[in-house]
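Step one of this worksheet: look at the structure below.
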Amino acid sequence: MTMNSEELAGQTALVTGASRGIGAAIAESLARRGAHVVITARTAGGLEELEDRIHDAGGSATIAPLDLTDGDSIARLASAIAERWQQLDMLVLNAAMLGTLTPVGAIDGKEFNKLLTLNLVAQQALIANFDPLLRRAPAGRLVALSTGVARTPRAYWGAYAASKAAFEVLVSSYGAEMRNISNVRTAILDPGGTRTQMRARAYPGEDPQSIKDPAVVGEFVARMMVDGFDSTAYHALPKVMAEA
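So for the sequence shown, our numbering puts the first residue at 1346; every next one is plus one.
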């Protein structure tokens, strides 16, 4: 990664689930365009490696390891960002867990509660805590990463799909609320088949070279942030795209 533009210079982005995969790729693409990226994940190791890559390329990043299922941690992060930057230009909701792919009748209640807490409850907490900072920005943008099974149910995917379907409704409702009272805009992105650890868990027999690199998704999101979008926009990327 090398810095290649200043299209997002002076702007701050928060990317969740950024220690690897799509989240890391989005953070690198935003930093490449001049944004300062605040990167968060549950553990620090991957975040530190990503921060080093961004800094080595001339970009700017701050790591914020935290457990998103802890609402107090989210509130503290929002306060810290408000104190340092006063506003948040871009929020990327990427963090999620897949859970076990199993028949609906066999879903483990404890795991299902954990999945809903991260994939839905924590996302509402992120929106609620960062809403004031997004509104302070001249053009606050929120991009939510989702999945095709949220709109096209599939056998054995009930738990994950249900959490993501509810997540999409939550984000779309927020976008509709913001449309006429602020400059905040929201979009939902289904990245499609992408070479990530989550994808490998879901499709263990799939050839990883048959699907796109996370960098392709990162570049797509960065272009969305630069070009802007209408609230409640929805994008679904194909399984194969040109490499970034």
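Here a beta-carbon is modelled for each residue, glycine too, at the ideal position from N, C-alpha and C. Just so it is clear, the structure is predicted and the values come from calculations on it, not from any experiment.
### Task
Since I believe L1359 is in contact with L1436 (beta carbons under 8 Å), could you give me their beta-carbon distance rounded to a whole number of angstroms?
5 Å
### Task
Give, in chain order, every unbroken run of the beta strand (DSSP E) that is at least 3 residues long and sits entirely within the stretch 1420 to 1448.
1435 to 1438
### Query
Does the Cβ of T1497 have 16 or more other Cβ atoms within 10 Å, making it buried, or fewer, making it exposed?
exposed
### Task
Check whether the stretch 1484 to 1500 touches the stretch 1552 to 1570, counting contact only when three or more Cβ pairs, one atom from each stretch, lie closer than 8 Å.
yes
### Message
I1399 and L1392 - do their beta-carbons sit closer together than 8 Å?
### Response
no
### Message
With the cut-off set at 8 Å, would you say G1390 and T1541 are in Cβ contact?
### Response
no
### Message
Is it the case that the stretch 1362 to 1382 contacts the stretch 1430 to 1445, given that we only count it when at least three CB pairs across the two stretches are under 8 Å?
### Response
yes
### Task
Could you please give me the residues that DSSP links to S1405 through a beta bridge?
H1381
### Message
Which same chain residues end up closer than 7 Å to N1464 when comparing Cβ atoms and leaving out the 5 residues on each side of it in sequence?
### Response
A1441, M1442, S1508, K1509 and F1512
#### Entry: Cα-Cα separation between L1375 and G1355, rounded to whole angstroms
12 Å
### Message
Please return the same chain residues whose Cβ sits closer than 8 Å to the Cβ of R1546, not counting the five positions on each side in sequence.
### Response
L1443
### Query
In terms of residues, what are the limits of the alpha helix (DSSP H) holding D1572?
P1559 to D1572
### Query
Are the Cβ atoms of I1419 and L1471 separated by less than 8 Å?
yes
### Task
Name the residue from V1449, A1506, D1575 and P1553 whose alpha carbon lies nearest to the alpha carbon of A1484.
D1575
### Message
Within a Cβ cutoff of 6 Å, which residues of the same chain sit near E1352, ignoring the five residues on either side of it in sequence?
### Response
R1378 and V1571
### Query
Does the distance from the C-beta atom of Y1505 to that of L1461 stay below 8 Å?
no
### Presumed contact (8 Å Cβ cut-off) between A1386 and S1364, rounded CB distance
4 Å
### Message
Just to check my reading of the structure: A1532 and A1578 have Cβ atoms closer than 8 Å, yes? What is that Cβ distance to the nearest angstrom?
### Response
4 Å
### Query
How about L1478 and A1423: are their beta carbons less than 8 Å apart?
yes
### Query
Nearest CA to the CA of P1448: which residue from W1502, V1514 and F1457?
W1502
### Exposed unless 16 or more other CB atoms sit within 10 angstroms - verdict on T1388
exposed
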